[in-house]
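These notes concern the structure reproduced below.
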Amino acid sequence: MRVLLVEDEPLNIILFKDVLEDDGHTVVIANDGVAGRDLALSQPFDLCILDIHLPRLRGDEVVKQLRAALVHGPVIALSSSALGSEVERGLLAGFDAYLTKPISPSELRDAVRRHGRRTA
665 MRVLLVEDEP LNIILFKDVL EDDGHTVVIA NDGVAGRDLA LSQPFDLCIL
715 DIHLPRLRGD EVVKQLRAAL VHGPVIALSS SALGSEVERG LLAGFDAYLT
765 KPISPSELRD AVRRHGRRTA
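Below you can see the structure in the form of structure tokens.
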């Protein structure tokens, strides 16, 4: 799968990228919400993984803009907040799943397996 990872924390980028690439996925990285949105609008991805708290544009705003632009591919939220209101806000914004940091490699793999689109 081709995966867009939008994350601004360097250690998380390394961890998530390593797990995804070890599983055979191609990973494209963006470090802020604007760059992530622009990549998602200009290139096809089988899955987008977006941090909620990003510089320049929050992840929930990115997913709203993607959905408004008729990008219907699966999008997973990453957040350090497990508050019910934050999770609900994310799901209402258009995320398909919401993962709370810290995220183990097995949690990431499970979410990718459940929500990722396989292309031929």
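Using my numbering, read the sequence shown as starting at 665 and increasing by one per residue.
A virtual CB, placed ideally from N, CA and C, is assigned to each residue, including glycine.
Just so you know, these numbers come straight off a predicted model, no measurement behind them.
{"query": "Does the Cβ of residue 784 have 16 or more other Cβ atoms within 10 Å, making it buried, or fewer, making it exposed?", "result": "With a pLDDT of 40 at residue 784, under the threshold of 50, the modelled position of this residue cannot be trusted, and the question is left open."}
{"query": "Beta-carbon within less than 6 Å of residue 694's beta-carbon, same chain only, minus the 5 sequence neighbours each way: which residues are those?", "result": "670, 700 and 703"}
{"query": "Return the bridge partner residues of residue 741 from the DSSP annotation.", "result": "714 and 762"}
{"query": "Taking Cβ positions, are residue 742 and residue 714 nearer each other than 8 Å?", "result": "yes"}
{"query": "In chain order, what residues of the same chain have a beta carbon less than 8 Å from the beta carbon of residue 686, not counting five sequence neighbours either side?", "result": "none"}
{"query": "From the DSSP output, in three-state form, read off residue 735 for me.", "result": "coil"}
{"query": "Could you tell me which residues DSSP pairs with residue 666 in its beta bridges?", "result": "690"}
{"query": "Kindly indicate which three-state DSSP category residue 767 falls into: helix, strand or coil?", "result": "coil"}
{"query": "Leaving out five residues on either side along the sequence, give the residues of the same chain with a beta carbon under 6 Å from the beta carbon of residue 721.", "result": "697 and 698"}
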